[in-house]
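Engineer: The opening position of the sequence shown corresponds to residue 126 in our numbering, with each subsequent residue numbered one higher.
This is the structure I want to talk about, given as structure tokens.
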Amino acid sequence: MKKLISLALISAMLLTFTACDKKENSSDTSTENSQSNQTSNSESTSTSSEPVSTPGSGWTYETAAGVFCLDGKPIPNPFTIDALGSDYSIKKSDTKIEDGLCSTYLYHGKDKILYLVYYYNINKFDEVPSAKPSGITVLYEEDGKQNEAARQLVSFNGIKFGATKDEVLAAFGEPYGDVGDSVWAYTDAGTGRGCIGFVFSEDGKVKTMILNFKD
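In structure tokens:
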């Protein structure tokens, strides 16, 4: 239980604290976010698996979700487990709920783990399939095993496991910042809160992808 809950907390805190730090260190943040919010609402989200250019006003929760693809198709927006269809499932046995924070693995078929999905304000398993999650964390390696299903099926604006920092830069633009050269985060243009994250291995390759949803 502690492992799944910890992963969910780390993913959420990573992007949340990055956004808070941005507010503290940039005097122009409020003005920029306000201007970005006015233009981002008119931008449509991607409806195909083809990579898109960085939106002129910056990434938003909606545009980020629109380029997060599963098996060649953007995930439904709003995303729920139910909306994915019968090829995808979750298991009660590895769904962990603690003080309203819920985390569970999404499976392709019966036994191929794709990624961790986490929620706030969930109290029982039956609520999970139809609930809108707070975020998704895709790990290249889980319990010492490579996540082959995610490597094949998951892409984020064309970025897959093993992509370089230059490739992420080309797909997403300049990140807000990095933590120890290993973490890049992108914030929602309207709120300044984190919506996209990448974690890199020691050789500079993508090993974790994070997508946060709007509260």
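For each residue, glycine too, the CB sits at the ideal point set by N, CA and C.
Specify whether the stretch 216-223 and the stretch 193-205 touch according to this definition: at least 3 beta carbon pairs, one from each stretch, less than 8 Å apart.
Structural biologist: No, the stretch 216-223 does not touch the stretch 193-205.
Engineer: Residues in its own chain within less than 7 Å of Tyr245 by CB, not counting five upstream and five downstream?
Structural biologist: The residues are Gly225, Leu226 and Ser259.
Engineer: Under 8 Å by Cβ, that's how I've got Ile261 and Ile222 pegged, so tell me the actual separation to the nearest angstrom.
Structural biologist: Not confirmed; about 17 Å, so no contact.
Engineer: Out of Thr312, Tyr301, Thr289 and Val263, point me to the one whose CA is closest to Lys330's CA.
Structural biologist: With distances taken between Cα atoms, Lys330 lies closest to Thr289.
Engineer: For Lys339, which of Tyr186, Ser178, Pro176 and Ala314 has the nearest alpha-carbon?
Structural biologist: Of the candidates Tyr186, Ser178, Pro176 and Ala314, the one whose C-alpha sits nearest the C-alpha of Lys339 is Tyr186.
Engineer: Count the other CB atoms, across all protein chains shown, that sit within 10 Å of the CB of Ser228; report buried if there are 16 or more and exposed otherwise.
Structural biologist: Ser228 should be labelled buried.
Engineer: Using the C-alpha atoms, what's the distance from Gly319 back to Thr312?
Structural biologist: Spanning the two alpha carbons is a distance of roughly 4 Å.
Engineer: Can you check whether the CB of Val263 is closer than 8 Å to the CB of Val279?
Structural biologist: Yes, they are a contact pair.
Engineer: With distances taken from CA atoms, which of Ile238, Ala256 and Ser326 is nearest Ala275?
Structural biologist: Ala275 has its Cα closest to that of Ile238, out of Ile238, Ala256 and Ser326.
Engineer: Got a sec, what are the start and stop residues for the beta strand (DSSP E) Thr229 sits in?
Structural biologist: That run of the beta strand (DSSP E) goes Leu226 to His233.
Engineer: Answer with yes or no whether the minimum CB distance from Phe325 to chain C is below 8 Å.
Structural biologist: The structure shown contains no chain C; it is built from a single protein chain.
Engineer: Classify Ala274 as helix, strand or coil using the three-state DSSP reduction.
Structural biologist: Of the three classes helix, strand and coil, the one that applies to Ala274 here is helix, per DSSP.
Engineer: Between Lys235 and Ser214, which are expected to be in contact by the criterion C-beta below 8 Å, what is the C-beta distance as a whole number of angstroms?
Structural biologist: Going by Cβ atoms, the distance from Lys235 to Ser214 rounds to 7 Å, so yes, they are a contact pair.
Engineer: Between which two residues does the beta strand (DSSP E) carrying Ile206 extend?
Structural biologist: That residue, Ile206, is in no beta strand (DSSP E); its alpha helix (DSSP H) goes Ile206 to Leu209.
Engineer: Tell me which residue opens and which closes the beta strand (DSSP E) that Gly322 is part of.
Structural biologist: Start and end: Gly319 to Phe325.
Engineer: Nearest-angstrom Cα distance between Phe281 and Glu299?
Structural biologist: Going by the C-alpha atoms only, they are around 16 Å apart.
Engineer: Helix, strand or coil: how does DSSP classify Phe338 here?
Structural biologist: Three-state DSSP puts Phe338 in coil, outside helix and strand.
Engineer: Under the three-state reduction of DSSP, which class applies to Tyr186: helix, strand or coil?
Structural biologist: Here Tyr186 sits in helix by DSSP.
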